[in-house]
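K.L.:
Pasting a structure below so you can have a look.
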Amino acid sequence: MAKEQEHLRKPEWLKIKINTNKSYNRLKHLMRDKRLNTVCEEAKCPNIHECWSERKTATFMILGDTCTRGCRFCAVKTGLPNELDWGEPKRVAESVEIMGLKHVVVTAVARDDLKDGGAAVFAETVRQIRERVPGCTIEILPSDMKGDYESLHTLMDSGPDIFNHNIETVRRLTKKVRAIAMYDRSLELLRRVKEIAPNTPTKSSIMVGLGETKEELIEAMDDLRANNVDIVTIGQYLQPTKKHLNVERYYHPDEFNELKQIALSKGFKHCEAGPLVRSSYHADEQVNQSAAQRRIKYMKGYEETSGEELKNFTF
Numbered sequence: 001m002a003k004e005q006e007h008l009r010k011p012e013w014l015k016i017k018i019n020t021n022k023s024y025n026r027l028k029h030l031m032r033d034k035r036l037n038t039v040c041e042e043a044k045c046p047n048i049h050e051c052w053s054e055r056k057t058a059t060f061m062i063l064g065d066t067c068t069r070g071c072r073f074c075a076v077k078t079g080l081p082n083e084l085d086w087g088e089p090k091r092v093a094e095s096v097e098i099m100g101l102k103h104v105v106v107t108a109v110a111r112d113d114l115k116d117g118g119a120a121v122f123a124e125t126v127r128q129i130r131e132r133v134p135g136c137t138i139e140i141l142p143s144d145m146k147g148d149y150e151s152l153h154t155l156m157d158s159g160p161d162i163f164n165h166n167i168e169t170v171r172r173l174t175k176k177v178r179a180i181a182m183y184d185r186s187l188e189l190l191r192r193v194k195e196i197a198p199n200t201p202t203k204s205s206i207m208v209g210l211g212e213t214k215e216e217l218i219e220a221m222d223d224l225r226a227n228n229v230d231i232v233t234i235g236q237y238l239q240p241t242k243k244h245l246n247v248e249r250y251y252h253p254d255e256f257n258e259l260k261q262i263a264l265s266k267g268f269k270h271c272e273a274g275p276l277v278r279s280s281y282h283a284d285e286q287v288n289q290s291a292a293q294r295r296i297k298y299m300k301g302y303e304e305t306s307g308e309e310l311k312n313f314t315f
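Going by full-length UniProt numbering, the first residue of the sequence shown is number 1, and it counts up by one from there.
Structure follows, in structure tokens:
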């Protein structure tokens with residue numbers, strides 16, 4: 001069975017058109033020049049060309065490129081991490097300014113070797129971006145920090161526009177799919193964020209195709225809503241390498257549409273669901289009204305001064 005699953009052919013709706021245009025290549029060169037990592041590249045995201053080239057969004061991965069965990073779905077390398085780079089927050093902020101980003105997601109490898117899980121570097125990165133590009137909206141996507149809720153205050157004091165933490169899968173499959181992370185601990189983290197910052201949208205993501213049932217997916221949605229999560233994204237799991245978990249099945253776009261309608265009926269304010277949807281997909285559309293207004297004012301100025309026409313952006 002495993003051998004058959006390993007060669008499960010991707011359906012037509014999972015094929016994407018690569019668009020490595022001038023804008024995309026310029027941004028990729030900038031990332032290398034600034035010695036920065038992006039989850040867009042490390043996690044082999046299928047939407048990288050759309051986000052970088054058209055939507056003016058990107059997801060930076062801080063705290064190095066080596067994770068202390070070894071989740072069985074993730075393409076990021078695992079091992080002993082490097083020393084902290086306190087110059088990284090400044091380089092990220094400089095890149096956000098040069099790229100003229102309207103929305104940025106800051107995520108990180110899990111750093112269980114650090115007492116605060118990297119919260120201080122996270123917070124400094126948010127502050128540096130806010131100082132250089134005050135109109136850019138910022139989403140943070142940290143690990144669970146192994147339940148260190150004092151460090152959560154450090155993160156939230158930096159004032160992110162969205163707090164994102166992914167449960168990744170349903171309760172039954174968590175131990176199989178995620179390393180060290182716990183389903184209920186992730187839910188508690190999301191709940192505590194809402195207690196600290198009631199007006200900050202919270203968000204989580206679920207992968208499908210790992211062997212879950214529809215009933216389990218609905219239960220996961222209910223668990224997220226019970227902890228006041230505002231936004232959910234649902235996407236197809238794709239096996240990064242043969243060493244990772246097999247894809248049990250591919251969901252049809254119609255099934256994703258159904259899951260989206262169920263999520264909205266549960267009370268989520270926003271849901272992105274589709275075969276190629278990832279946690280940061282169309283993240284720029286998910287901020288609250290005050291954050292969106294701040295961004296609009298900034299991006300109008302960017303377009304006027306740079307002479308660059310912004311696509312997929314409504315003022």
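Don't be surprised by glycine CBs; every beta carbon is placed ideally from N, CA and C.
1) Looking only at its own chain, which residues have a Cβ that is under 7 Å from the Cβ of K297, when we skip the five neighbours before and after it?
2) Could you tell me whether the Cβ atoms of V229 and T200 are closer together than 7 Å?
3) Taking the C-alpha atoms as reference points, what is the distance between E97 and L8?
4) In terms of residue numbering, what span does the beta strand (DSSP E) encompassing S205 cover?
5) Once DSSP output is grouped into helix, strand and coil, what is the label at A93?
6) Distance check for I206 and G147, CA to CA, integer angstroms please.
7) Starting from the C-beta of L264, find all residues in its chain whose C-beta is less than 7 Å away, skip the five residues before and the five after it, and write them out in chain order.
8) How about D161 and A291: do their beta carbons lie closer than 7 Å?
9) Based on the DSSP output, what are the partners of A273 in its beta bridges?
10) According to DSSP, simplified to helix, strand and coil, what is M182?
11) Which stretch, first to last residue, makes up the alpha helix (DSSP H) that contains H103?
12) With a CB to CB cut of under 8 Å and the five nearest residues on each side skipped, what residues in its chain are close to W13?
13) Measure the alpha-carbon distance for L245 versus L189 and round it to whole angstroms.
14) Any idea which residues DSSP pairs L71 with across the strands?
P.N.:
Based on what the coordinates show:
1) If we look at K297 and ignore the five residues flanking it on each side, its Cβ neighbours are G135.
2) Between V229 and T200, the CB-CB gap reaches or exceeds 7 Å.
3) In a straight line, the C-alpha of E97 is about 42 Å away from that of L8.
4) Note, S205: beta strand (DSSP E), 202-208.
5) It is helical.
6) Each residue's Cα considered, the two are about 20 Å apart.
7) Cβ within range, chain order: C271.
8) A contact, by the Cβ cut-off of 7 Å.
9) I234, per the DSSP bridge assignment.
10) DSSP places M182 in coil when its eight states are reduced to three.
11) Counting along the chain, H103 sits inside no alpha helix (DSSP H); it lies in the beta strand (DSSP E) bounded by residues 103-108.
12) Closer than 8 Å at Cβ, skipping near neighbours: H252, P253, P275.
13) Spanning the two alpha carbons is a distance of roughly 26 Å.
14) The displayed chain sequence assigns Cys, not Leu, to residue 71. Note: C71 sits in no beta bridge, so no partner.
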